[in-house]
Amino acid sequence: AGLGEFRIRDLNDEINKLLREKGHWEFRIKELGGPDYARIGPKMLDHEGKEVPGNRGYKYFGAAKDLPGVRELFEKERDLDERQCCLLSALPPPRKTRAELMKSIDAEYYGYRDEDDGILEPLEQEHEKKVIAEAVEKWKMEREARLARGEEEEEEEENIYAVNDDESDEEGGKEKEGEEGQPRFIAHVPVPTQQEIEAALVRRKKMELLQKYASETLMAQSEEAKTLLGL
């Protein structure tokens with residue numbers, strides 16, 4: 001610094017004094033209804049003027065940043081910032097609240113869309129075949145072991161899916177051949193014909209009319225009786 005330490009300090013003090021005066025004028029202009037220059041005016045960058053930690057409002061410009069005692073303060077601030085960054089990076093991420101977790105829960109979370117990608121279903125089928133084969137093999141081994149020990153073979157379980165001729169005759173069969181050889185399905189529940197449906201609708205309409213006019217006749221007779229009795 002060719003100007004000397006004291007001259008640089010004086011110039012830096014003069015700059016800060018002008019900045020404070022500028023701030024007072026900006027505040028007064030805004031108070032009188034003028035534009036807010038503090039908000040819309042150009043901002044001062046750190047390389048133009050920087051504050052020392054703990055000395056808010058006083059900035060150092062140019063060579064004043066390298067003055068004895070000032071440089072150490074800026075270096076101390078830089079080291080402190082680096083340590084804080086290291087501590088923050090070492091900390092675990094903050095835990096999400098219950099409300100934040102609930103926002104990301106949808107049908108996919110409960111497994112309703114696991115088969116949409118077509119990957120899970122083939123794996124399940126393969127595993128199912130494997131389990132069935134293992135169960136059959138285990139049953140065969142146990143059966144052979146029982147026969148080897150001379151135990152009587154258990155009675156064959158009744159096939160609940162077998163259809164007897166008598167049952168098929170009683171039920172009338174689930175399907176018969178149509179006129180053109182196509183299977184025709186017959187319902188086991190009696191289905192009313194069109195004439196039966198129309199007759200039921202007519203009976204229902206008659207009952208509604210009888211209830212309507214019968215109730216009106218009874219009310220008229222009741223009113224007439226009250227009039228005769230003077231009630």
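Position one of the sequence shown corresponds to residue 1 (full-length UniProt numbering), numbered consecutively onward.
Backbone N, C-alpha and C define an ideal beta-carbon position, used for all residues, glycine too.
- Counting only runs that start and end inside the segment 33 to 113, there is no beta strand (DSSP E) element of at least 3 residues.
- Per the coordinates, the alpha-carbon of residue 73 lies some 57 Å from the alpha-carbon of residue 107.
- By the 16-neighbour rule on beta-carbons within 10 angstroms, residue 64 is buried.
- In the three-state scheme derived from DSSP, where H, G and I count as helix and E and B as strand, residue 115 is classed as coil.
- Here the alpha carbon of residue 60 sits roughly 19 Å from the alpha carbon of residue 79.
- CA-to-CA, the gap between residue 26 and residue 40 works out to about 11 Å.
- Straight-line measurement puts the Cα of residue 23 at about 14 Å from the Cα of residue 56.
- As the crow flies, the alpha-carbon of residue 114 is around 41 Å from that of residue 86.
- Counting along the chain, residue 230 sits inside no alpha helix (DSSP H), nor does DSSP assign it H or E at all.
- Excluding five sequence positions before and after residue 124, none of the CB atoms of its chain fall closer than 7 Å to its own CB.
- Under the three-state reduction of DSSP output, residue 122 falls in the helix class.
- Non-local C-beta neighbours of residue 12 in its own chain, meaning closer than 7 Å and more than five positions away in sequence, comprise 60, 61 and 64, ordered along the chain.
- Counted as a single uninterrupted DSSP element, the alpha helix (DSSP H) harbouring residue 23 occupies residues 5 to 31.
- At a Cβ-Cβ threshold of 7 Å, residue 36 and residue 43 do not count as neighbours.
- The beta carbon of residue 143 sits closer than 7 Å to none of the beta carbons in its chain outside the five residues before and after it.
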